[in-house]
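Numbering-wise, the working numbering puts 10 at position 12 of the sequence shown, and it's gapless, one number per residue.
Cβ coordinates follow ideal geometry from the N, Cα and C atoms, glycine included.
Source: prediction; values computed, not measured.
What follows is a set of notes on a single structure, which appears directly below.
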Amino acid sequence: MKESLNELLVYLFNHIMDIERNKLITGEFSDITTNDMHIIEAVGLKGHRNMSAVAQKLDITVGTLTITINRLVKKGYVIRQRSQKDKRVVHLALSEKGQRAYAHHQQFHEQLIDGVIEHLSEEELQVLTKALSGLINYFHETNVK
């Protein structure tokens, strides 16, 4: 049973990553990676987030984030602005191209969830949601320790 569950989790993770790469990184967005797309998602559409807030949301260091943000600025997805109040603080916002990438990513996830939901009964959906929430809690607790 454990081996089977492990195989399912590994397959699911890898398959979702492959699907995401094949469906997201195309056409206008073929110059970025799925990791870049997740950073664009973390920057979001709601105003200007600072580097620390984005790094914290992604559970990465500001240094690691800076490397990717530099590439995304150069490619025209992200706009970087220094705070007027505190020049040490850098705010991030999505450019028009970044907003299109964000919408493309959101649409992909909506289609993914719609596809999953259409194959499940309401009861199965509730069980799946509860099981996935339990997994998230376990992995979060394991990561924290």
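- Going by DSSP, LEU43 is part of no beta strand (DSSP E) at all; its letter is neither H nor E.
- Closest option to MET15, judged by alpha-carbon separation, among ARG47, GLY61, PHE106, GLN79: PHE106.
- Where ARG80 is concerned, there is no enclosing alpha helix (DSSP H), although the beta strand (DSSP E) around it starts and stops at 76 to 80.
- Remark: C-beta atoms of VAL76 and ILE65 do not approach each other more closely than 8 Å.
- Distance check between LEU43 and each of HIS117, THR31, GLN104 places GLN104 closest, using alpha-carbon atoms only.
- With a cutoff of 8 Å on beta-carbon distance, LEU22 and MET35 are scored as near each other.
- For HIS89, the enclosing beta strand (DSSP E) has its first and last residue at 88 to 92.
- For the 8 Å CB-CB criterion, LEU92 and ILE58 do not form a contact.
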